[in-house]
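Going left to right, the sequence shown walks through residues 22 to 823 as my numbering numbers them. What follows is one structure encoded as structure tokens, with my remarks underneath.
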Amino acid sequence: MEFVLLIFLPFVFAILVPFAYKYIKGIHTGWFVLLVPLVLFGYYLSFIPLTMDGGHAISEIKWIPTLGIAFTSYIDGLSLLFTLLITGIGSLVVLYSIFYMDKKKENLGSFYVYLLLFMTAMLGVVQSDNTMTLYLFWELTSISSFLLIGYWYTRDKSRFGALKSMMITVFGGLMMLGGFILLSIMGETFSIRELIAQAPDLVSHPYFTLALILILLGAFTKSAQFPFYIWLPDAMEAPTPVSAYLHSATMVKAGIYLVARFTPIFGTSSTWIWLVTGIGLLTLFWGSFFAVKQTDLKAILAFSTVSQLGLIMSLLGAGAISYHTTEAMFAFATYAAIFHLINHATFKGGLFMIAGIIDHETGTRDIRKLGGLMSIMPLSFTVALIGSLSMAGLPPFNGFLSKEMFLESMVALRHFELFQFDTWGILFPIVAWVASVFTFTYSLYFVLKTFLGQGKVDQLPKRPHEAPIGMLVAPMILASLVIIIFFIPNVLGKWVIKPAVMAVQPTLYGSPADIDIHVLAWHGFGSVGLWLTVAIVIVGSLLYLTIPKWQPLYKIQPAKLSLNEGYDALMRGSEKGMNRLSRAFMTGLIRTYLLYMFAFLSVTVIAVLFIKDAFVVDMNSFAAITLYGALNAVILLLSIGFVVFAKSRLAAIIALGGVGYSVALFFVIFKAPDLALTQLVIETVSVALFLLAFKHLPALNEHGETKKTKVVNLIISLSVGVMVTLVALSSHSQKLIPSISQYYKDTVATEAGGGNIVNVILVDYRGFDTLFEIAVLAIAGIAVLGMIRLRVSRKETTDENK
Numbered sequence: 022m023e024f025v026l027l028i029f030l031p032f033v034f035a036i037l038v039p040f041a042y043k044y045i046k047g048i049h050t051g052w053f054v055l056l057v058p059l060v061l062f063g064y065y066l067s068f069i070p071l072t073m074d075g076g077h078a079i080s081e082i083k084w085i086p087t088l089g090i091a092f093t094s095y096i097d098g099l100s101l102l103f104t105l106l107i108t109g110i111g112s113l114v115v116l117y118s119i120f121y122m123d124k125k126k127e128n129l130g131s132f133y134v135y136l137l138l139f140m141t142a143m144l145g146v147v148q149s150d151n152t153m154t155l156y157l158f159w160e161l162t163s164i165s166s167f168l169l170i171g172y173w174y175t176r177d178k179s180r181f182g183a184l185k186s187m188m189i190t191v192f193g194g195l196m197m198l199g200g201f202i203l204l205s206i207m208g209e210t211f212s213i214r215e216l217i218a219q220a221p222d223l224v225s226h227p228y229f230t231l232a233l234i235l236i237l238l239g240a241f242t243k244s245a246q247f248p249f250y251i252w253l254p255d256a257m258e259a260p261t262p263v264s265a266y267l268h269s270a271t272m273v274k275a276g277i278y279l280v281a282r283f284t285p286i287f288g289t290s291s292t293w294i295w296l297v298t299g300i301g302l303l304t305l306f307w308g309s310f311f312a313v314k315q316t317d318l319k320a321i322l323a324f325s326t327v328s329q330l331g332l333i334m335s336l337l338g339a340g341a342i343s344y345h346t347t348e349a350m351f352a353f354a355t356y357a358a359i360f361h362l363i364n365h366a367t368f369k370g371g372l373f374m375i376a377g378i379i380d381h382e383t384g385t386r387d388i389r390k391l392g393g394l395m396s397i398m399p400l401s402f403t404v405a406l407i408g409s410l411s412m413a414g415l416p417p418f419n420g421f422l423s424k425e426m427f428l429e430s431m432v433a434l435r436h437f438e439l440f441q442f443d444t445w446g447i448l449f450p451i452v453a454w455v456a457s458v459f460t461f462t463y464s465l466y467f468v469l470k471t472f473l474g475q476g477k478v479d480q481l482p483k484r485p486h487e488a489p490i491g492m493l494v495a496p497m498i499l500a501s502l503v504i505i506i507f508f509i510p511n512v513l514g515k516w517v518i519k520p521a522v523m524a525v526q527p528t529l530y531g532s533p534a535d536i537d538i539h540v541l542a543w544h545g546f547g548s549v550g551l552w553l554t555v556a557i558v559i560v561g562s563l564l565y566l567t568i569p570k571w572q573p574l575y576k577i578q579p580a581k582l583s584l585n586e587g588y589d590a591l592m593r594g595s596e597k598g599m600n601r602l603s604r605a606f607m608t609g610l611i612r613t614y615l616l617y618m619f620a621f622l623s624v625t626v627i628a629v630l631f632i633k634d635a636f637v638v639d640m641n642s643f644a645a646i647t648l649y650g651a652l653n654a655v656i657l658l659l660s661i662g663f664v665v666f667a668k669s670r671l672a673a674i675i676a677l678g679g680v681g682y683s684v685a686l687f688f689v690i691f692k693a694p695d696l697a698l699t700q701l702v703i704e705t706v707s708v709a710l711f712l713l714a715f716k717h718l719p720a721l722n723e724h725g726e727t728k729k730t731k732v733v734n735l736i737i738s739l740s741v742g743v744m745v746t747l748v749a750l751s752s753h754s755q756k757l758i759p760s761i762s763q764y765y766k767d768t769v770a771t772e773a774g775g776g777n778i779v780n781v782i783l784v785d786y787r788g789f790d791t792l793f794e795i796a797v798l799a800i801a802g803i804a805v806l807g808m809i810r811l812r813v814s815r816k817e818t819t820d821e822n823k
């Protein structure tokens with residue numbers, strides 16, 4: 022079996038979920054859904070031995086082979102790592118949701134459909150080797166996350182958060198698509214592997230920098246980098262299982278994955294290094310600073326996620342420097358980025374689940390109303406403490422190890438002598454240290470304000486108590502991993518981190534075994550990271566103890582100057598502008614819409630003809646103008662004039678029939694009797710139908726036209742006529758490819774077995790076209806019949822009421 026099909030396994034189960042929800046009673050639908058990520062996680066674990074040796078696996082299903090577009094599943098160290106996070110954390114999230122989501126109160130059918138749809142989208146993103154299918158899955162993550170965030174659609178905040186996330190991430194996705202298209206033009210392929218192989222040649226291409234920026238816009242919007250992070254806090258209106266899944270391990274990591282995957286192509290560019298590292302550090306500082314301002318537990322975690330994503334992004338940027346130097350520290354930065362990616366998924370997933378438990382058992386997430394919960398919820402406190410201290414970067418938790426590596430990498434940046442890092446590089450360790458201080462502060466703020474201090478049980482909407490063990494299993498597993506990874510980091514490094522690092526830097530290593538990095542918890546008293554951590558703990562503790570004194574700093578910034586207010590103003594302005602624009606052309610009159618369409622079409626086509634120098638007239642093959650043809654043309658023009666200037670509807674219909682019969686005469690003159698017969702039949706039926714409906718047609722002067730509108734109508738009519746004439750003359754005069762008519766002549770009798778070429782073309786060569794036309798007529802006939810029956814039934818009902 023092609024393992025690319027496994028990407029769609031969650032989607033297949035999503036189709037079955039509504040039936041399970043409806044017909045399987047007494048069992049929570051989540052137990053049915055849990056099988057999917059568990060089975061996938063177990064299956065993908067079997068790829069670890071392959072990637073540990075530097076190998077990869079490919080499975081492909083052709084989609085549009087003529088364009089080189091296919092569903093190509095490419096499993097290497099990087100994609101396998103993300104796949105295991107998606108399925109592993111996904112399994113724990115589904116398990117947690119079984120106890121969190123009430124099967125009697127919630128529409129679990131919709132919830133799990135959205136969740137499985139999102140899982141398929143994420144698997145497609147991280148495994149796609151084809152940029153076009155990657156984009157397809159990328160936008161599917163935006164759509165499915167929109168549905169998940171807006172799951173409680175009756176709440177205004179849920180709808181607002183869902184729309185905000187989709188608007189920002191879809192904008193980034195469109196920019197990314199532009200970058201992918203430019204890359205395909207540069208490398209003449211949609212395959213990421215082939216583009217990486219051409220990386221040295223792509224650097225000098227004039228589209229290189231533009232493609233780089235567009236792809237980074239996609240990554241920054243999805244991974245909530247500054248200034249696009251504003252969607253993430255509003256997305257916290259989603260159910261807690263969604264927050265734990267999307268915003269700690271999957272969706273927000275998609276941008277991280279994109280940067281890591283395309284580093285082999287763009288990593289040699291100083292623009293890439295400065296943007297990824299600089300924006301990452303700015304995001305780290307901004308998120309950590311504003312996390313302490315929040316009063317909602319999930320909002321604190323949202324801003325902490327923003328800061329942690331910035332940390333990982335900055336490490337990927339620093340790691341790209343390894344393409345310019347043999348200094349091992351910068352390969353060390355890429356290792357630290359992958360390591361912290363895993364660590365963040367473990368401690369942040371558990372913290373989100375604890376925030377949901379607190380909300381579930383106390384009725385609030387407002388940290389101002391919480392406190393003293395340690396004795397009431399001891400298990401929840403233990404998990405929250407482990408996750409928070411890991412996020413703060415303290416031992417013996419996994420976050421300490423990757424945080425030390427981060428600090429050492431930032432210090433090393435100031436010694437890099439290219440791209441002015443030896444001058445401006447001094448800012449990187451300073452910003453990293455300050456941001457880490459606030460990270461330590463918000464970590465203490467989250468856990469201590471919630472669980473320590475004086476109890477406020479009387480102020481809570483619900484009497485608090487410890488969560489049921491089923492709800493605690495998933496966060497306890499994640500908390501256990503936080504500690505286990507601290508003691509066996511190099512086992513994890515050998516299994517998944519080194520293969521992922523090799524995928525990010527394929528030209529630097531022959532195999533994962535060549536990556537000589539050994540993670541230690543203790544580097545001696547001479548370690549820069551150790552003393553920076555000590556200073557972080559001291560200053561961070563002081564900041565936590567003095568929060569009431571310096572928290573008023575957040576009030577200095579006017580609300581009108583915030584990024585959220587800028588987004589709101591942009592949306593309001595866009596809405597007003599679009600309403601004004603739509604009112605200008607949405608008049609409710611069909612003839613107005615036709616004017617717009619014909620005007621645009623004629624101007625565009627005529628302009629292209631002359632810009633491309635495509636207007637050519639070759640009169641050598643023109644037919645001779647006969648007396649009958651000239652007379653018929655005069656009759657045709659006179660009939661058109663009668664239609665335009667007719668004062669009554671009846672005269673206009675008769676004149677319109679004259680136009681059609683004149684066209685039929687042209688077919689006779691040019692020896693096309695079958696077309697003439699068809700035209701005569703159609704024209705006769707059309708005139709008859711017009712006359713039958715004559716009394717129901719509106720008067721010609723109902724919408725009285727001014728001289729201005731008549732002039733506009735005349736200009737557009739003439740332009741359409743000129744356009745059709747120019748296209749006809751140009752297409753007749755330029756035979757760029759052989760005409761297909763000769764093929765019809767040669768095969769109509771031998772291949773199709775017919776004598777009338779027109780009939781054979783309609784029935785055989787264009788059989789589907791004719792079939793669709795018949796289908797359209799059948800549908801229209803059914804609609805007419807339905808309207809007649811509806812009118813009859815209404816009349817009968819009216820008669821009965823009388």
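Beta carbons: idealized from backbone N, C-alpha and C, even for Gly.
Beta carbon of residue i nearer than 7 Å to that of residue j
i, j, result
"I277", "S244", "yes"
"I28", "G194", "no"
"Y135", "L169", "yes"
"V327", "L253", "yes"
"L223", "F229", "yes"
"F167", "M187", "yes"
"P39", "T108", "no"
"F311", "F324", "yes"
"N653", "S683", "yes"
"S343", "A357", "no"
"P533", "G75", "yes"
"E429", "G550", "yes"
"G384", "G474", "no"
Integer Cβ distance of residue i from residue j, believed to fall under 8 Å
i, j, result
"K390", "L318", "About 11 Å separates the two Cβ atoms, so there is no contact after all."
"F402", "M395", "5 Å"
"I378", "M523", "That belief does not hold up - the Cβ atoms of I378 and M523 are roughly 39 Å apart, past 8 Å."
"K414", "T554", "In the sequence as displayed, the identity of residue 414 is Gly instead of Lys. About 6 Å; that satisfies the 8 Å criterion."
"A35", "L137", "4 Å"
"L61", "L30", "7 Å"
"V517", "A281", "V517 to A281, Cβ: 13 Å. No contact."
"A500", "G408", "6 Å"
Range of the contiguous beta strand (DSSP E) that encloses residue i
i, result
"Y95", "90-96"
"K83", "78-85"
Start-to-end residues for the alpha helix (DSSP H) that takes in residue i
i, result
"I164", "152-170"
"Y65", "50-66"
"A635", "Counting along the chain, A635 falls outside any alpha helix (DSSP H), and DSSP gives it neither H nor E."
"R601", "584-606"
"R180", "177-208"
"Q246", "Element bounds for Q246: n/a, residue is neither H nor E."
"E772", "No alpha helix (DSSP H) contains E772, which DSSP labels as neither H nor E."
"Y10", "Outside the modelled stretch of the chain, which goes from 22 to 823, sits residue 10, for which no answer is possible."
"Y266", "261-267"
Interface flag, residue i vs chain B, CB-CB below 7 Å
i, result
"F120", "The displayed structure is made up of one protein chain only, and chain B is not part of it."
For this session: Examine the Cβ distances between the stretch 298-306 and the stretch 318-338 and report whether three or more of them are shorter than 8 Å.
Result: Yes: the two stretches touch, three or more of their Cβ pairs being nearer than 8 Å.
Contact between the stretch 458-473 and the stretch 350-370 is defined here as three or more beta-carbon pairs at a separation below 8 Å; is this criterion met?
Cβ pair count under 8 Å is below three, so no.
Note down, one range per segment and in chain order, each alpha helix (DSSP H) of at least 4 residues found wholly within the stretch 290-355.
Listed in chain order, the complete alpha helix (DSSP H) runs (minimum 4 residues) inside the stretch 290-355 are 291-312, 318-340.
Would you call the stretch 94-105 in contact with the stretch 147-154, where contact means no fewer than 3 C-beta pairs closer than 8 Å?
In short, these stretches touch, since the Cβ pair count reaches three.
Evaluate contact between the stretch 744-760 and the stretch 635-644, counting only Cβ atoms and requiring at least three cross-stretch pairs below 8 Å. Under the Cβ criterion (8 Å, minimum of three pairs), the stretch 744-760 counts as touching the stretch 635-644.
Output the residue ranges of the alpha helix (DSSP H) runs that lie fully inside the stretch 415-487 and measure 4 residues or longer, sorted by chain position. Complete alpha helix (DSSP H) runs here, min 4: 419-434, 442-445, 448-472.
Margin query: I'd like to know if the stretch 420-427 and the stretch 542-560 are in contact, where contact means that at least 3 CB-CB pairs between them fall below 8 Å.
Written below: Counting Cβ pairs under 8 Å, three or more are found: they touch.
TODO: Determine, using beta-carbon pairs with one atom in the stretch 290-300 and one in the stretch 339-359, whether at least three such pairs fall under 8 Å.
DONE: The stretch 290-300 vs the stretch 339-359: in contact.
Extract the residue ranges of the beta strand (DSSP E) inside the stretch 383-407, only unbroken runs of 3 or more that lie entirely within it.
Entirely contained in the stretch 383-407, not one beta strand (DSSP E) run reaches 3 residues.
Touch test, the stretch 42-56 against the stretch 106-123, Cβ-Cβ under 8 Å, three pairs minimum = The stretch 42-56 makes contact with the stretch 106-123; the number of CB pairs closer than 8 Å reaches 3 or more.
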